[in-house]
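Its first residue numbered 384, the sequence shown is counted upward by one per residue in the working numbering.
The beta carbon of each residue, even a glycine, is placed where N, CA and C say it ideally should be.
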Amino acid sequence: MTFLENMSWVFTRSPCLFPDACLLLMGVSKLDILYRRLLLTKLFIRGWGRPEDLKRLFEFRKMIGNRERCQNLVSSDYPVHIDKIEEQSDCKILDGHFVSPMAHYVPDIMPIESVIARFQFIVPKEWNSKYRPVCIHLAGTGDHHYWRRRTLMARPMIKEARMASLLLENPYYILL
């Protein structure tokens, strides 16, 4: 079975709510699982935030719940900055950033470290067809950088299906 066939099996047959995370957990050690359990107990130790902030978030949630309205929240020419382009033998790796649109709609709700969203975009040098598929990979708990997602998910997808990947940085970590 190829990598993409394995992913398809996980997505369609796995009872896991987060297939991306399930796929990563299939090959981890017991030490990794213990680390993740310990790490999970340290999230939100000071609560979920002030009640007025939670109220603002729920109001924003109503706004994005309307599909027609949500599609127009971010313009098609929203500024995205490319900081670095790295040429590889089979792909290009673009490092970039943008200001989170949420900072405009719900100001002062996010920690300052989360206002600028950072990403890595991995694009094949050649596409298989006129369609240009992109898979968005969100960071799991404890995934502090792009290496794991780039190496275990994005690179095999480039090789097998010429599929691009967009790796988003977890908003609570800062890459220095």
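- Under the DSSP assignment, Leu437 falls in the alpha helix (DSSP H) whose first and last residues are 434 to 448.
- For secondary structure counted as the beta strand (DSSP E) over 3 or more consecutive residues, the stretch 474 to 506 holds these complete runs in sequence order: 474 to 482.
- The Cβ neighbour count for Gln503, taken over all protein chains shown within 10 Å, is at least 16; the residue is labelled buried.
- Secondary structure note for Glu543: its alpha helix (DSSP H) is the uninterrupted segment 538 to 544.
- Approximately 15 Å separates the beta-carbon atoms of Leu437 and Tyr488; this is outside 8 Å, ruling out the contact.
- Rounded to whole angstroms, the gap between the alpha carbons of Ala544 and Arg533 is 15 Å.
- Here Leu521 carries a coil assignment [DSSP, helix/strand/coil].
- Annotation for Leu535: no residue places its beta carbon closer than 6 Å to its own, counting only its chain and skipping 5 residues before and after.
- Distances from the alpha-carbon of His464 to those of Ala500, Glu442, Glu451 put Ala500 closest.
- By the 16-neighbour rule on beta-carbons within 10 angstroms, Cys453 is exposed.
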